[in-house]
Amino acid sequence: MELKNIKTINLPDIVKELEMMKIDYTNSLQIIEEFGSDNDQAVYVGSLIYGLEAPKDFTFTITKNNYTIVDGMKRLNAIMLFISNKVTVGGKHYSDFTIEQLNEVKLTFTTMGINTDLFRLLNQ
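Residue numbers (the working numbering): 149 to 272.
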């Protein structure tokens, strides 16, 4: 694998960024049986918003303009549920936080190129 791109994303920009990436969720290299409870997801997102220690890195691969999540699927799911008001943080919805608070959350998206033969082998 080779490093293709490292990008810092503010929390409010994550939806637009993921839409532009056109992620193929069906070929994730992560096997997810469950995304955790609403409480687990709220704790993760709350840690991001309040500046506590929490993973902020997400890794993707790209082959022929298709992005696949390598690391961070559960965390991205928690963020997306929060943004869509399905998970609250301390009883507060996404829209209850100021844009300044949300912009303080910086996420790192790392994209790696992958050999397509290796990718096919991993997904058999």
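Glycine included, every Cβ here is placed at the ideal spot set by N, Cα and C.
Item: Which of helix, strand or coil DSSP assigns to lysine 212; Value: coil
Item: Of the residues Asn213, Tyr242, Gly238, the one placed nearest isoleucine 318, counting alpha carbons only; Value: There is no way to answer for residue 318, as the model of the chain reaches only from 149 to 272.
Item: For glutamate 150, the first and last residue of its enclosing beta strand (DSSP E); Value: 150 to 158
Item: Pair within 9 Å by beta-carbon distance, tyrosine 215 and lysine 170; Value: yes
Item: Chain-order list of residues whose beta-carbon lies under 6 Å from that of proline 160 (same chain, five-residue window excluded); Value: Leu250
Item: Length-filtered (4 minimum) alpha helix (DSSP H) runs lying within the segment 206 to 259; Value: 221 to 231, 247 to 251
Item: Glycine 194 versus arginine 223 - alpha carbon distance; Value: 12 Å
Item: Rounded straight-line distance, which links the Cα of methionine 260 to that of phenylalanine 208; Value: 6 Å
Item: Simplified DSSP assignment, three categories, for isoleucine 197; Value: helix
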